[in-house]
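Chemist: So that we are looking at the same thing, I have put the structure below in structure tokens.
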Amino acid sequence: MDRITKNLLEGFLKQFEIKPESESIDFEKFCNYSVIKNEFNNEFDIGDISTGNNQGIDGLGIIVRNQFIDTTQEVEDIIKDAKLLEVVFVFIQSKTSTKFEGSEIGNFIFSIKDFFSEKPKLAMTEEMKEKFAITQILFKHFSLMTKGNPLCKLYYITTGKWTDDQSLNAVIDTNVKELKDLGLFEDVVFIPCDAQKIQKLYRKTSEEVTTEFSFDEMVTLPKINGIEEAYLGIIKFEEYEKIITDENGNMQNIFYDNVRDYLGENPVNKKIDQTLKDGKFDIFSILNNGITIVADKKNSSKGKLFSISNYQVVNGCQTSHTLFNNKELEGMGKITIPVKLIITQNEDIKSNITIATNSQTEIKEEQLVAFSDFQKNLEQYYKSFKDDNRLFYERRTGQYNTEQGVTKTKIVTIKNQIKTFASMFLNVPHLASGYYGKLYKDVKDQIFKKDHKYNSYYLSSLGIYKIEKFTRTGSIDRKYNKARYHILMLFRMANQLNQLPEFNSKSMEDYCDTLINILYDENSALLAFNKAIKVIDDSGIDINNRKLLYQKNTTDLLISEYNKNK
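Numbering (numbering that gives the first Met the number 0), first residue to last: 0 to 565.
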């Protein structure tokens, strides 16, 4: 392995507090993370990509409706509410070898073909069996894939140099054709990654999103307090495409500050879609309300050519996706799009812009969580910790991506905060183990209340961080990571015998501080978690059976087991 790749690998292990194993296993984790983070710029657990010691495939990411799916429960929950399914399979094989071997590439693609057969012949690990079950569920719902069959991407990675060898390309083309001939995919794409390519992918995980485009017709708005610059105008579709797509032509993940996800074929999107299909390109800008883009920085501008960094489309997710889905239509070059571009780093102004520009239609309560005063204050509370136990509350997606010295495992997202608080204090770890959307519907009226004590939220985040750290380092058997939310609930019960106070009371602060002090000491924390794990062991439940972990009666059984022996 060359010095640069080795250096980046060491930095990766440090950033994620991963205990080094063998060079090949460490490199596998490095590659899995780098690839999936570029394909899916949102939350996922590195361990969930791994296929274990599976033959021919080192990593597999299944992305459904821009959600990383790792369990059958998650995909079943998504399908219940879905009117549209967009699916991407990302297969990864990584080798520390400096050569691209035709036989190894052939084995990789053969393993994928076997995975998609109705009755696979190759042995599967437990991790791969779960991913196979997810795939079978998805394939039963082809009728929901109205935008096209799944996309299948194959990343083959070595530490050598890709030379576009003719013989290797022949092997790849033959095998990829066989995959395409299965008739399951919209497209199958093979991506050879050498040392330079995987280095680039890893570096991109910490880079700001940057784009350059021509703002053809625009006016500069007057000076506004808190805003560096603001522009109003229209952009040609070919220029707007540069803003919403990456270098590979895929949609950028720049819509996370948009309070509405892409809603698929809802009435508004159908109207936009029909306008395009009817060829009404010249009046599109009149019929559409336009796009609002907020960027941290304008790097430069030369006449009409703009370069911006760390930007989000805070209003226009629906329009952007519908335009992208129709980009191949003849005549799209005639389209112009109304755009408002605002340059500011003021978080309050960003929040106000997001809410104001989305106020034309109803915004659900859960979509405004990130903008509440409670969230802002909770973020400041996390910042008040200065020692090694400091965690970083990420109220705005990606806000710590480029900040040096922030350990990735210490970043707490709103989604993770809800999972940990609900597990520890609301006794619903079975919901936290499944699809987040179902959890939020059940607990939204019990969480983030303006008078709640902040240390209860910090405690739950610190607890899950410590559990995951112990499983990463081997202090706790890794098999228990699947039950980490149940361990979090049992940790509170087994180590704080006082009755749970009201969340807004002074007693709640004292109650939580006792548990926080246990977590601050590594030895005490490990003993406390082992006490919780003993309850799981004594209950007799099979923690390898993930379906059990999603069931309420499993949670009830664990609580009963704890009460029996306390």
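Even for Gly, the Cβ is constructed at its ideal location relative to N, Cα and C. All of these numbers come straight from a predicted model, not from anything done at the bench.
1) Quick check on residue 553: buried or exposed, where buried means 16 or more other Cβ atoms within 10 Å of its Cβ?
2) Can you list, in chain order, the residues of its chain whose CB lies under 7 Å from that of residue 103, leaving out five sequence neighbours each side?
3) How is residue 218 classed by DSSP in three states: helix, strand or coil?
4) Could you tell me if residue 149 is buried or exposed, where buried requires 16 or more neighbouring beta carbons within 10 angstroms of its beta carbon?
5) Can you tell me the Cα-Cα spacing of residue 522 and residue 472, whole angstroms?
6) Could you give the uninterrupted runs of the beta strand (DSSP E) lying entirely in the region 185 to 232, keeping only those of 3 residues or more?
7) With a Cβ-Cβ cutoff of 8 Å, do residue 567 and residue 107 count as a contact?
8) May I ask you to report which of helix, strand or coil DSSP gives residue 256?
9) How many whole angstroms separate the CB atoms of residue 339 and residue 76, which I take to be in contact at a CB cut-off of 8 Å?
10) Please report how far the alpha carbon of residue 478 lies from the alpha carbon of residue 169, in whole angstroms.
11) What residues in its chain sit with their C-beta under 6 Å from that of residue 551, if we drop five residues either side in the sequence?
12) Alpha carbon to alpha carbon, what distance is there between residue 44 and residue 365?
13) Do residue 158 and residue 1 have their C-beta atoms within less than 8 Å of each other?
14) Pair every Cβ in the region 440 to 457 with every Cβ in the region 504 to 518, then say whether three or more of these pairs are closer than 8 Å.
15) In the structure shown, what three-state DSSP assignment does residue 434 receive?
16) Could you tell me if residue 209 is buried or exposed, where buried requires 16 or more neighbouring beta carbons within 10 angstroms of its beta carbon?
17) For residue 500, tell me which candidate among 424, 524, 548 has the shortest Cα-Cα distance.
18) Take residue 39 and list the residues in its own chain whose beta-carbon comes closer than 7 Å to its own, dropping the five residues that flank it on each side.
19) Taking residue 206 as the reference, which of 213, 198, 212 has the closest Cα?
20) Quick check on the burial criterion: 16 or more other C-beta atoms within 10 angstroms. Buried or exposed for residue 311?
21) Please give me, in chain order, every unbroken run of the alpha helix (DSSP H) with length at least 4 that falls completely inside the region 15 to 66.
22) Assuming residue 293 and residue 233 form a contact by the criterion Cβ under 8 Å, report the distance between their Cβ atoms to the nearest whole angstrom.
23) Keeping to the same chain, check which residues put their C-beta closer than 7 Å to that of residue 547; ignore five residues upstream and five downstream.
24) Apart from the five residues on each side of it in sequence, which residues of its chain come closer than 6 Å, Cβ to Cβ, to residue 300?
25) Please report the straight-line C-alpha distance between residue 543 and residue 401, rounded to a whole angstrom.
26) Roughly how many angstroms separate the alpha carbons of residue 73 and residue 47, rounded to a whole number?
27) Is residue 543 helix, strand or coil when you go by DSSP?
28) Would you give the residue range spanned by the beta strand (DSSP E) that residue 508 belongs to?
29) Does the Cβ-Cβ distance between residue 443 and residue 518 come in under 8 Å?
30) Rounded to the nearest angstrom, how far is the Cβ of residue 181 from that of residue 115, given a contact under 8 Å?
31) Here's the rule: buried if 16 or more other CB atoms are within 10 angstroms of the residue's CB, otherwise exposed. What is residue 497?
32) Suppose you measure from the CA of residue 17 to the CA of residue 330; what does that come to, to the nearest Å?
33) Are three or more beta carbon pairs between the region 20 to 35 and the region 223 to 233 nearer than 8 Å?
Modeler: Result, derived from the coordinates:
1) Taking the first residue of the sequence shown as position 1, residue 553 is located at position 554. Flag for residue 553 reads buried.
2) Stepping through the sequence shown from its first residue, residue 103 is reached at position 104. Around residue 103, the same chain offers 94 as residues with beta carbons nearer than 7 Å, after the five sequence neighbours per side are excluded.
3) For the purposes of this step, residue 218 is taken as the residue at position 219 of the sequence shown. The answer is strand: DSSP assigns residue 218 an E or B state.
4) Looking up residue 149 in the sequence shown gives position 150. Around the beta carbon of residue 149, a 10 Å sphere encloses 16 or more other beta carbons of the protein chains shown; the residue is thus reported as buried.
5) Locating residue 522 in the sequence shown gives position 523, counting from the first residue. Locating residue 472 in the sequence shown gives position 473, counting from the first residue. So the alpha carbons of these two residues sit roughly 14 Å apart.
6) Qualifying beta strand (DSSP E) stretches, in chain order: 186 to 192, 209 to 213, 216 to 219.
7) No statement about residue 567 is possible, as the shown extent of the chain runs from 0 to 565 and does not include it.
8) Here residue 256 is taken as the residue at index 257 of the sequence shown, counted from 1. Reliability fails at residue 256, whose pLDDT of 48 lies under 50, so the model's placement of it is uncertain and no value is given.
9) The residue given as residue 339 occupies position 340 in the sequence shown. The residue given as residue 76 occupies position 77 in the sequence shown. With 8 Å as the limit, residue 339 and residue 76 do not qualify as a contact, their Cβ atoms being about 36 Å apart.
10) Looking up residue 478 in the sequence shown gives position 479. Looking up residue 169 in the sequence shown gives position 170. Taking the straight line from one Cα to the other gives about 42 Å.
11) Sequence index remark: in the sequence shown, residue 551 carries index 552 (1-based). So the qualifying residues of the chain are 429.
12) By one-based count along the sequence shown, residue 365 stands at place 366. By one-based count along the sequence shown, residue 44 stands at place 45. Summary for residue 365: the model assigns pLDDT 42, below 50, so the residue's position carries little reliability, and this model does not support an answer.
13) The residue given as residue 158 occupies position 159 in the sequence shown. The residue given as residue 1 occupies position 2 in the sequence shown. Less than 8 Å separates the beta-carbon of residue 158 from that of residue 1.
14) Contact between the region 440 to 457 and the region 504 to 518 is present, because at least three Cβ pairs lie under 8 Å.
15) Residue numbering aside, residue 434 sits at position 435 when the sequence shown is read from its first letter. Three-state DSSP puts residue 434 in coil, outside helix and strand.
16) Sequence index remark: in the sequence shown, residue 209 carries index 210 (1-based). Flag for residue 209 reads exposed.
17) Within the sequence shown, the letter at position 501 stands for residue 500. The shortest Cα separation from residue 500 among 424, 524, 548 belongs to 424.
18) Mapped onto the sequence shown, residue 39 falls at position 40. So the qualifying residues of the chain are 60, 62, 67.
19) Taking the first residue of the sequence shown as position 1, residue 206 is located at position 207. Closest by alpha carbon: 198.
20) Mapped onto the sequence shown, residue 311 falls at position 312. So residue 311 counts as buried.
21) Listed in chain order, the complete alpha helix (DSSP H) runs (minimum 4 residues) inside the region 15 to 66 are 22 to 38.
22) Walking along the sequence shown from the start, residue 293 turns up at place 294. Walking along the sequence shown from the start, residue 233 turns up at place 234. Going by Cβ atoms, the distance from residue 293 to residue 233 rounds to 18 Å, so no, they are not a contact pair.
23) Taking the first residue of the sequence shown as 1, we reach residue 547 at position 548. Cβ neighbours of residue 547 within its own chain (closer than 7 Å, five residues either side excluded): 540, 541, 553.
24) Numbered from its first residue, the sequence shown carries residue 300 at position 301. Around residue 300: no qualifying Cβ.
25) Within the sequence shown, residue 543 is the residue found at index 544, counting from 1. Within the sequence shown, residue 401 is the residue found at index 402, counting from 1. Rounded to the nearest whole angstrom, the C-alpha separation of residue 543 and residue 401 is 37 Å.
26) Taking the first residue of the sequence shown as position 1, residue 73 is located at position 74. Taking the first residue of the sequence shown as position 1, residue 47 is located at position 48. Near 13 Å, if we compare the C-alpha coordinates of residue 47 and residue 73.
27) In the sequence shown, residue 543 corresponds to position 544, counting from 1. Of the three classes helix, strand and coil, the one that applies to residue 543 here is coil, per DSSP.
28) The residue you call residue 508 lines up with position 509 of the sequence shown. For residue 508, there is no enclosing beta strand (DSSP E); the enclosing alpha helix (DSSP H) has its first and last residue at 505 to 519.
29) Looking up residue 443 in the sequence shown gives position 444. Looking up residue 518 in the sequence shown gives position 519. At the C-beta level, residue 443 and residue 518 stay beyond 8 Å of one another.
30) Position 182 of the sequence shown, counting from 1, holds the residue named residue 181. Position 116 of the sequence shown, counting from 1, holds the residue named residue 115. Confirmed, about 6 Å.
31) Here residue 497 refers to the residue found at position 498 of the sequence shown. Residue 497 is exposed by the Cβ-count criterion.
32) As a working mapping, residue 17 is identified with position 18 in the sequence shown. As a working mapping, residue 330 is identified with position 331 in the sequence shown. Separation of residue 17 and residue 330 (C-alpha to C-alpha, rounded to the nearest whole angstrom) is 51 Å.
33) When C-beta atoms of the region 20 to 35 are compared with those of the region 223 to 233, fewer than three pairs fall below 8 Å, so the two segments do not count as touching.
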